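Novice: To start, I am sharing the structure in question, which I have written as structure tokens.
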Amino acid sequence: MRLFHLIILGFLTLQSQAQTNIADYLTLPQPKRETRAVWLTTLSNLDWPKTYATSKENIEKQKQELRDILDSYQKAHINTVLLQARVRAATIYPSEIEPWDHCITGVEG
77 MRLFHLIILG FLTLQSQAQT NIADYLTLPQ PKRETRAVWL TTLSNLDWPK TYATSKENIE
137 KQKQELRDIL DSYQKAHINT VLLQARVRAA TIYPSEIEPW DHCITGVEG
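As structure tokens, then:
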């Protein structure tokens, strides 16, 4: 029991020596920019794309949709876009390892 009391006493002694200085924290230089991020989902075509890329016209339409979304984010001063690249264990980009999700083309690959 004596050992336990000595350990507690030592711990309390160490804790009493620890200091936190809020004034130092408040005087730290602030970052020039802040992160303003959005999550752009491709799940069930909630955010993008609204159309499948089944023809050259639809591919261009899909690209324009994404440009419009990114332009609106830029106007809102969003500086980070987190694009959901994996959907339902598949990717939205060509991959030799992972299957291709149907959210872009309408056809799984």
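Residue numbers for the sequence shown follow the numbering used here, beginning at 77 and rising by one. The beta-carbon is built from N, C-alpha and C at its ideal position, and this holds for glycine as well. Treat the numbers as computed from the prediction; the structure is a model and nothing was measured.
According to DSSP, which residues form a beta bridge with L116?
Specialist: To locate residue 116, count along the sequence shown from 1; it is residue 40. Paired residue(s): L159.
Novice: Per DSSP, what are the beta-bridge partners of P166 in this structure?
Specialist: Taking the sequence shown and counting its residues from 1, one reaches residue 166 at position 90. First, the amino acid is wrong: residue 166 is Ala here, not Pro. A166 pairs with V163.
Novice: Between L116 and V157, how many whole angstroms is the CB-CB distance? I'm expecting something under 8 angstroms.
Specialist: For the purposes of this step, residue 116 is taken as the residue at position 40 of the sequence shown. For the purposes of this step, residue 157 is taken as the residue at position 81 of the sequence shown. The pair is a contact, with the Cβ atoms about 6 angstroms apart (cut-off 8 angstroms).
Novice: Ignore the nearest five residues each way along the sequence and tell me which others in E174's own chain have a CB closer than 7 angstroms to its CB.
Specialist: By 1-based counting over the sequence shown, the position of residue 174 is 98. Once the five neighbours on either side are set aside, the close Cβ partners of E174 are A166 and T167.
Novice: Would you kindly work out how many angstroms separate the C-alpha atoms of H178 and K126, rounded to a whole number?
Specialist: Stepping through the sequence shown from its first residue, residue 178 is reached at position 102. Stepping through the sequence shown from its first residue, residue 126 is reached at position 50. Cα-Cα distance, rounded: 12 angstroms.
Novice: Classify Q138: buried if its beta carbon has 16 or more other beta carbons within 10 angstroms, exposed otherwise.
Specialist: In the sequence shown, residue 138 corresponds to position 62, counting from 1. Classification for Q138: buried.
Novice: Ends of the alpha helix (DSSP H) at K137?
Specialist: Here the question's residue 137 lines up with position 61 in the sequence shown. Segment K132 to K151, the alpha helix (DSSP H) holding K137.
Novice: Please return the same chain residues whose Cβ sits closer than 8 angstroms to the Cβ of R109, not counting the five positions on each side in sequence.
Specialist: If you number the sequence shown from 1, residue 109 lands on position 33. Closer than 8 angstroms at the Cβ level, and outside the excluded window around R109, lie N155.
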